[in-house]
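Novice: Quick one: this structure, given as structure tokens, is what I'll be asking you about.
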Amino acid sequence: MEKSEGSVLPFGVKETNEGVNFSLAVKNKVQQVSLLLYKKEAKDPVHKLPMFNPIGNMWTLMLKHVEDREYEYNYLIDTEVCLDPYVEEVTGREKFGEKVSEEDCRLRGKVFSKPYDWEGDVPLNLPYHSVIAYSLHLRGFTKHSSSGVKRKGTYLGLVEKIPYLTELGINQIHCMPLYDFVENQSYQNYWGYGEGNFFAPKPTFAAHKEGKTELKDMIKACHKAGIEVILEMPFTNQTSYQLMIDCLRYYVMEYHVDGFIINPEILSRESLLSDGVISSVKIMYHDLSYQTVMRRFLKGDEGMVQDAMYQSRRFSGAEGTYNYITNQNGFTLLDLVSYDGKHNEGNGEGNSDGPVFNYSWNCGAEGPSRKKAVRELRQRQIRNAFFLLLTSQGVPLILAGDEFGNSQKGNNNVYCQDNPIGWVDWSVFEKNKETYQFVKELIAFRKSHPILHSSQALIGQDQISCGVPDVSYHGESAWIVPKDIASRHFGVFYCGKLEEDNDIYIAYNMHWLSHKFAIPAGEKAKEWYLAASTKDGVLEKPLLLKNQRMIELEERTIWILVEK
Numbered sequence: 026m027e028k029s030e031g032s033v034l035p036f037g038v039k040e041t042n043e044g045v046n047f048s049l050a051v052k053n054k055v056q057q058v059s060l061l062l063y064k065k066e067a068k069d070p071v072h073k074l075p076m077f078n079p080i081g082n083m084w085t086l087m088l089k090h091v092e093d094r095e096y097e098y099n100y101l102i103d104t105e106v107c108l109d110p111y112v113e114e115v116t117g118r119e120k121f122g123e124k125v126s127e128e129d130c131r132l133r134g135k136v137f138s139k140p141y142d143w144e145g146d147v148p149l150n151l152p153y154h155s156v157i158a159y160s161l162h163l164r165g166f167t168k169h170s171s172s173g174v175k176r177k178g179t180y181l182g183l184v185e186k187i188p189y190l191t192e193l194g195i196n197q198i199h200c201m202p203l204y205d206f207v208e209n210q211s212y213q214n215y216w217g218y219g220e221g222n223f224f225a226p227k228p229t230f231a232a233h234k235e236g237k238t239e240l241k242d243m244i245k246a247c248h249k250a251g252i253e254v255i256l257e258m259p260f261t262n263q264t265s266y267q268l269m270i271d272c273l274r275y276y277v278m279e280y281h282v283d284g285f286i287i288n289p290e291i292l293s294r295e296s297l298l299s300d301g302v303i304s305s306v307k308i309m310y311h312d313l314s315y316q317t318v319m320r321r322f323l324k325g326d327e328g329m330v331q332d333a334m335y336q337s338r339r340f341s342g343a344e345g346t347y348n349y350i351t352n353q354n355g356f357t358l359l360d361l362v363s364y365d366g367k368h369n370e371g372n373g374e375g376n377s378d379g380p381v382f383n384y385s386w387n388c389g390a391e392g393p394s395r396k397k398a399v400r401e402l403r404q405r406q407i408r409n410a411f412f413l414l415l416t417s418q419g420v421p422l423i424l425a426g427d428e429f430g431n432s433q434k435g436n437n438n439v440y441c442q443d444n445p446i447g448w449v450d451w452s453v454f455e456k457n458k459e460t461y462q463f464v465k466e467l468i469a470f471r472k473s474h475p476i477l478h479s480s481q482a483l484i485g486q487d488q489i490s491c492g493v494p495d496v497s498y499h500g501e502s503a504w505i506v507p508k509d510i511a512s513r514h515f516g517v518f519y520c521g522k523l524e525e526d527n528d529i530y531i532a533y534n535m536h537w538l539s540h541k542f543a544i545p546a547g548e549k550a551k552e553w554y555l556a557a558s559t560k561d562g563v564l565e566k567p568l569l570l571k572n573q574r575m576i577e578l579e580e581r582t583i584w585i586l587v588e589k
């Protein structure tokens, strides 16, 4: 090999026409930095090559005529062996949960990457308003023995589930951390939040130890099926701004990802939208406001009508947020209607961890119940939750497994549960297939009515001079919203003409009492059909409501009426 001073930029390891360039930024002033080269799986390095210090804290090296493409590398900074913070592929982590520290000589980076054929793949760039999102933990999604896939808990295991996702109607997945995080710390870090090798896909999520290739395979397969891939990148205060920006650019260019979920307190969305590369994909972040409001409205808290109306029309995608009632941090949907309190005893922290305010309601019994009335009420509440979510404007997000009643046994913080508690339990699918079918049909219904996912913000005004506002609210009397604090119901009228659709009227009654709703009349009487309800689901043959100006909904029920 021929050695010379390398280029400062780009950071990390890059193969060029000249050779292989190594560039490392060292935080503190050091005496010497050397490149350590290892033969594959060998314990000790075969080469120790001093690096050049051309400027500041930068250390570089250019190697020409490197013939062994199986080389692995680390850096020796004075007396400490370190992984490259820009490492793109890590070797040495053989099994998820295995305790391996970065000081362990087995952890190294690969010098060379295999070429990859993207077959013309590009990010999908779906409009925000068309998205049906699905949140999952890549390992937990298919790791359970009942998942029915061959390569459980891996990138390729998710590929096997793509037909399931497309049948359900999903066109975007949100993936919890996929970078090479340290899963075994003082606790089992199953979720993967915290510092890690952000540029390197997790090798223990790969079926054949080829994390870089298999993540690309997964993304390409998702794109072929019309599914976007959004990566959660929870950088911390210890992560440098330069590394965060370089990392996001890298995933856009190298992995064709469709977007990221970021923490706006660590990295502002505005700064990313001004970047020429990163701004080409979706930049999203968690927002608890929709979840809190809709959970409280769902269980019948007083004083929630005004907030529920706002959240149902909020054009969330344009803001980079998405609507969810459940997500990985908190109860699953079945647990939300089955537990009043969290049950995190298995986490080993005396049940002191996890969200305290869950706004849940157990429907009359804590945990599993044999009482028919309790079980039926829970199923009604689950259907109500999906109706609230899938009839709201913006981007709806479903937590993996909620569509068929996955449970975490009341644990609302499974960050350390790499076991059946934290995995999606597919064994309950057949038992709860009716719920799955209900959600599938409701997603299809939403997609078939553009006014339920408008391409523009609804502002409560007549935007197209059709005689009625784009969205309006009603109660027992038309055009009069039940605003008093005791109200737990309201009706919403969508002017379908805004999106070349039918007019739609949705009546939400989250009270434990029945309520009447006035159907607003226009210049001429309309014929309305009951198209869906939380009692019967999406109706194959909608029920004609002849000359009705008033409807009455029983307790905890939602109706969707569609103009003929």
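The numbering used here applies: residue 26 is where the sequence shown begins, and numbers increase by one.
Heads up, the beta-carbon is just placed ideally off N, CA and C, and yes, glycines get one too.
Is the separation between the beta-carbon of aspartate 487 and that of valine 493 shorter than 8 Å?
Specialist: To locate residue 487, count along the sequence shown from 1; it is residue 462. To locate residue 493, count along the sequence shown from 1; it is residue 468. A contact, by the Cβ cut-off of 8 Å.
Novice: Which residues in the same chain have their Cβ closer than 6 Å to the Cβ of serine 172, if we skip the five residues on either side of it in sequence?
Specialist: Looking up residue 172 in the sequence shown gives position 147. Cβ within range, chain order: Trp451.
Novice: In chain order, which beta strand (DSSP E) runs of at least 3 residues are fully inside the region 506-540?
Specialist: You should have 514-519 and 529-534.
Novice: How many Å lie between asparagine 383 and isoleucine 446 at the Cα?
Specialist: The count along the sequence shown starts at 1 and reaches residue 383 at position 358. The count along the sequence shown starts at 1 and reaches residue 446 at position 421. Those two C-alpha atoms are separated by around 19 Å.
Novice: Are the beta-carbon atoms belonging to leucine 219 and threonine 167 less than 8 Å from one another?
Specialist: Position 194 of the sequence shown, counted from the start, is the residue given in the question as residue 219. Position 142 of the sequence shown, counted from the start, is the residue given in the question as residue 167. Just to set this straight, residue 219 is glycine in the shown sequence, not leucine. Contact: no.
Novice: Among residues of its own chain, excluding the 5 on either side of arginine 405, which ones have a beta-carbon nearer than 7 Å to its beta-carbon?
Specialist: As a working note, residue 405 is residue 380 in the sequence shown. Excluding sequence neighbours, arginine 405 sits near Thr559 and Arg581.
Novice: Would asparagine 437 be called buried (16 or more neighbouring beta carbons within 10 Å of its own) or exposed?
Specialist: By one-based count along the sequence shown, residue 437 stands at place 412. Buried is the call here.
Novice: Relative to the alpha-carbon of glutamate 501, which residue among Lys541, Ile157, Val71 and Asp93 has its alpha-carbon at the smallest distance?
Specialist: Residue 501 sits at position 476 when you count from the first residue of the sequence shown. Residue Lys541 is the option with its Cα nearest to glutamate 501.
Novice: Which class does proline 228 belong to by DSSP, given the choice of helix, strand or coil?
Specialist: As a first step, residue 228 must be located in the sequence shown, where it is residue number 203. It is helical.
Novice: Are the Cβ atoms of valine 362 and isoleucine 407 separated by less than 8 Å?
Specialist: Locating residue 362 in the sequence shown gives position 337, where the first residue counts as 1. Locating residue 407 in the sequence shown gives position 382, where the first residue counts as 1. Going by C-beta atoms, valine 362 is nearer than 8 Å to isoleucine 407.
Novice: Which same chain residues, not among the five before or five after glutamate 27, have their C-beta less than 8 Å away from its C-beta?
Specialist: The count along the sequence shown starts at 1 and reaches residue 27 at position 2. Contacts found: Gly44, Leu88, Lys89 and His90.
Novice: Is glycine 301 near lysine 367, with beta carbons less than 8 Å apart?
Specialist: As a first step, residue 301 must be located in the sequence shown, where it is residue number 276. As a first step, residue 367 must be located in the sequence shown, where it is residue number 342. The answer is no: Cβ separation not under 8 Å.
Novice: On the DSSP letters alone, give me the boundaries of the alpha helix (DSSP H) that tyrosine 12 sits inside.
Specialist: Since the first residue shown for the chain is 26 and the last is 589, residue 12 is missing from the structure and cannot be characterised.
Novice: Where does aspartate 365 land, buried or exposed, given buried means 16+ other C-beta within 10 angstroms?
Specialist: Along the sequence shown, read from residue 1 onward, the residue named residue 365 stands at position 340. Exposed is the call here.
Novice: Please report the Cβ distance between lysine 135 and glutamate 97, rounded to the nearest whole angstrom; I am assuming they are in contact, meaning their Cβ atoms lie under 8 Å.
Specialist: Position 110 of the sequence shown holds residue 135. Position 72 of the sequence shown holds residue 97. At roughly 6 Å, the Cβ-Cβ gap stays under 8 Å, so lysine 135 and glutamate 97 are in contact.
Novice: Specify whether the region 411-430 and the region 345-364 touch according to this definition: at least 3 beta carbon pairs, one from each stretch, less than 8 Å apart.
Specialist: With the cut-off at 8 Å, the region 411-430 and the region 345-364 touch.
Novice: Suppose the cutoff is 6 Å on Cβ atoms and the five residues either side in sequence are ignored; what does the same chain contact list for lysine 245 look like?
Specialist: In the sequence shown, the residue the question calls residue 245 occupies position 220. Closer than 6 Å at Cβ, skipping near neighbours: Asp146.
Novice: Per the DSSP calculation, serine 558 is bridged to which residue(s)?
Specialist: What you label residue 558 is simply residue 533 of the sequence shown in a count that begins at 1. Serine 558 is bridged to Gly562 and Trp584.
Novice: Can you grab the Cα-Cα spacing for the pair alanine 543 / asparagine 196, in whole Å?
Specialist: Along the sequence shown, read from residue 1 onward, the residue named residue 543 stands at position 518. Along the sequence shown, read from residue 1 onward, the residue named residue 196 stands at position 171. Their backbone Cα atoms lie some 36 Å apart in a straight line.
Novice: In three-state terms, what does DSSP make of alanine 246?
Specialist: Walking along the sequence shown from the start, residue 246 turns up at place 221. Looking at alanine 246 - three-state DSSP - the assignment turns out to be helix.
Novice: Taking DSSP as the reference, what is the three-state secondary structure of aspartate 427?
Specialist: Along the sequence shown, read from residue 1 onward, the residue named residue 427 stands at position 402. Aspartate 427 falls in the helix class under three-state DSSP.
Novice: According to the Cβ coordinates, are histidine 536 and histidine 514 closer than 8 Å?
Specialist: In the sequence shown, the residue the question calls residue 536 occupies position 511. In the sequence shown, the residue the question calls residue 514 occupies position 489. Yes; because the gap between Cβ atoms is below 8 Å, this pair is in contact.
Novice: Which first and last residues belong to the beta strand (DSSP E) in which aspartate 205 is found?
Specialist: Along the sequence shown, one-based indexing puts residue 205 at 180. Here the beta strand (DSSP E) through aspartate 205 covers 204-206.
Novice: Quick test of your reading: isoleucine 505 and leucine 586, contact by CB under 8 Å. State the CB separation rounded to the nearest angstrom.
Specialist: Indexing the sequence shown from 1 puts residue 505 at position 480. Indexing the sequence shown from 1 puts residue 586 at position 561. Not a contact, Cβ separation roughly 18 Å.
Novice: If you measure between the beta carbons of aspartate 205 and arginine 118, is that distance less than 8 Å?
Specialist: The sequence position of residue 205 within the sequence shown is 180, counting from 1. The sequence position of residue 118 within the sequence shown is 93, counting from 1. Taking 8 Å as the Cβ cut-off, aspartate 205 and arginine 118 qualify as a contacting pair.
Novice: Exposed or buried, which one is glutamine 267 when buried takes at least 16 other CB atoms within 10 Å?
Specialist: Taking the first residue of the sequence shown as position 1, residue 267 is located at position 242. With fewer than 16 Cβ atoms within 10 Å of its Cβ, glutamine 267 is classed as exposed.
Novice: Could you spell out the range, first to last residue, of the beta strand (DSSP E) harbouring isoleucine 80?
Specialist: In the sequence shown, residue 80 corresponds to position 55, counting from 1. Counting along the chain, the beta strand (DSSP E) containing isoleucine 80 begins and ends at 77-80.
Novice: Could you pull the start and end residues of the beta strand (DSSP E) that asparagine 99 belongs to?
Specialist: Here residue 99 corresponds to residue number 74 of the sequence shown, with the count starting at 1. From DSSP, the beta strand (DSSP E) with asparagine 99 extends over 97-102.
Novice: Once DSSP output is grouped into helix, strand and coil, what is the label at tryptophan 553?
Specialist: Walking along the sequence shown from the start, residue 553 turns up at place 528. It is a strand residue.
Novice: Using beta carbons (cut-off 8 Å, strictly below), is methionine 87 in contact with chain B?
Specialist: In the displayed structure, chain B is absent; only one protein chain is listed.
Novice: Can you tell me where the alpha helix (DSSP H) holding arginine 338 begins and where it ends?
Specialist: Taking the first residue of the sequence shown as position 1, residue 338 is located at position 313. Per DSSP, arginine 338 belongs to the alpha helix (DSSP H) from 330-338.
Novice: Leucine 555 and leucine 538 - do their beta-carbons sit closer together than 8 Å?
Specialist: Position 513 of the sequence shown, counting from 1, holds the residue named residue 538. Position 530 of the sequence shown, counting from 1, holds the residue named residue 555. No, these two residues do not count as a Cβ contact at 8 Å.
Novice: Cutting at 6 Å between CB atoms, please list the residues of its own chain near aspartate 526, excluding the five before and the five after it.
Specialist: Against the sequence shown, residue 526 aligns to sequence position 501. The residues are His474, Pro475 and Ile476.
Novice: Starting from methionine 319 and walking both ways along the alpha helix (DSSP H), at which residues does that stretch end?
Specialist: Position 294 of the sequence shown, counted from the start, is the residue given in the question as residue 319. Per DSSP, methionine 319 belongs to the alpha helix (DSSP H) from 313-324.
Novice: If you drop the 5 nearest sequence neighbours on each side, which residues of the same chain put their C-beta closer than 6 Å to that of valine 55?
Specialist: Mapped onto the sequence shown, residue 55 falls at position 30. Answer for valine 55: Ile102 and Asp103, listed in chain order.
Novice: State the start and end residues of the unbroken alpha helix (DSSP H) segment that holds tyrosine 461.
Specialist: Translated into positions along the sequence shown, residue 461 becomes position 436. Unbroken alpha helix (DSSP H) run through tyrosine 461: 458-473.
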